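Undergrad: Here it is, the structure in full.
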Amino acid sequence: MAPYNVLLALLFLFPINIAAQCTLTPDTENVVGTQLAGDWTINLDLTNQLWPDFMEWVEVTGVSFTNNPEIVDTLPEDDCNSWMIDFQLFQSGEMTFKFGNNTDPEPVSYPFVLSSLSGNPHLIYWLDDMTDTESFNLMLARADDQNNDLLFLGGDFNSQPFSAWKRV
Numbered sequence: 150m151a152p153y154n155v156l157l158a159l160l161f162l163f164p165i166n167i168a169a170q171c172t173l174t175p176d177t178e179n180v181v182g183t184q185l186a187g188d189w190t191i192n193l194d195l196t197n198q199l200w201p202d203f204m205e206w207v208e209v210t211g212v213s214f215t216n217n218p219e220i221v222d223t224l225p226e227d228d229c230n231s232w233m234i235d236f237q238l239f240q241s242g243e244m245t246f247k248f249g250n251n252t253d254p255e256p257v258s259y260p261f262v263l264s265s266l267s268g269n270p271h272l273i274y275w276l277d278d279m280t281d282t283e284s285f286n287l288m289l290a291r292a293d294d295q296n297n298d299l300l301f302l303g304g305d306f307n308s309q310p311f312s313a314w315k316r317v
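Under my numbering, the first residue of the sequence shown carries the number 150, and numbering increases by one thereafter.
Structure representation (structure tokens):
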């Protein structure tokens, strides 16, 4: 019994720092988390109703999402230990933006996690070699035929308009 008391005393005298990692907790009832993966193209008719100057401001005409649980293991430890500590993470993967402007730049990809903020589905992604984050609200209207699903991408705040997307 004495060795256990010594071990217990050592644990209190010399605390061990255990690094927190972000952890995924997928939910099969989460509509966005189960349907987000795939290729999406802008639905101009619906987007023009919601956000008439979207194409003048954003210039993104396509977006793709992968479902890759291993991405969560690459997230910055400082983020997992601080501001993300209370977020439930439903999905992680890679998001790729395709641009439709005249310069035809290459698509750009970012690691992301799907969470929720104030009860709204919220996507957080990392850029600049994982040193900066951006985020946006999103909604997904699931159709009987998955090819007819609609994805709505908004801004960081609930006062910003959404753009509408359809599956490719």
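Built from N, CA and C at the ideal position, the CB exists for glycine as well. Just so we're clear, the structure is a prediction, and the values are computed from it rather than from any experiment.
Taking only three categories from DSSP, how would you classify W206?
TA: Along the sequence shown, read from residue 1 onward, the residue named residue 206 stands at position 57. Of the three classes helix, strand and coil, the one that applies to W206 here is helix, per DSSP.
Undergrad: On the CB-based measure, 16 or more other CB atoms within 10 Å of its CB, does D194 come out buried or exposed?
TA: Against the sequence shown, residue 194 aligns to sequence position 45. Exposed, by the Cβ-count rule.
Undergrad: Kindly list the residues whose CB is nearer than 6 Å to the CB of L300, restricted to its own chain and excluding five residues on each side of it in sequence; keep chain order.
TA: Numbered from 1 along the sequence shown, position 151 holds the residue referred to as residue 300. Correct list, in chain order: W189, L289 and W314.
Undergrad: Where do the N-terminal and C-terminal ends of the beta strand (DSSP E) with V181 fall, by residue?
TA: Within the sequence shown, residue 181 is the residue found at index 32, counting from 1. Premise fails: V181 lies in the alpha helix (DSSP H), V180 to Q184, not in any beta strand (DSSP E).
Undergrad: Mind the definition here: the stretch 173-187 touches the stretch 269-289 only if three or more C-beta pairs lie below 8 Å; say whether that holds.
TA: Result yes; three or more Cβ-Cβ pairs closer than 8 Å.
Undergrad: If I measure Cβ to Cβ from A158 and keep anything under 7 Å in the same chain, skipping five residues before and after, which residues do I get?
TA: Locating residue 158 in the sequence shown gives position 9, counting from the first residue. Low per-residue confidence applies at A158: pLDDT is 48, beneath 50, and the placement is therefore not dependable enough to give any value.
Undergrad: Beta-carbon within less than 6 Å of M244's beta-carbon, same chain only, minus the 5 sequence neighbours each way: which residues are those?
TA: Your numbering for residue 244 matches position 95 in the sequence shown. So the qualifying residues of the chain are F214, Y259, F261 and Y274.
Undergrad: To the nearest angstrom, how far is the alpha carbon of P95 from that of S265?
TA: Absent from the structure is residue 95, since the part of the chain shown begins at 150 and ends at 317.
Undergrad: Give me whichever residues DSSP pairs with L287 in a beta bridge.
TA: Numbered from 1 along the sequence shown, position 138 holds the residue referred to as residue 287. According to DSSP, L287 bridges with L302.
Undergrad: What is the DSSP secondary structure of T196, reduced to helix, strand or coil?
TA: To locate residue 196, count along the sequence shown from 1; it is residue 47. T196: helix per DSSP, three-state reduction.
Undergrad: Compare the C-alpha of G187 against each of F203, N297 and F311 and name the closest.
TA: In the sequence shown, counting from the first residue as 1, residue 187 sits at position 38. Of F203, N297 and F311, the residue nearest in Cα terms is N297.
Undergrad: May I ask which residues mark the beginning and end of the beta strand (DSSP E) holding N269?
TA: Position 120 of the sequence shown holds residue 269. N269 -> beta strand (DSSP E) spans N269 to L276.
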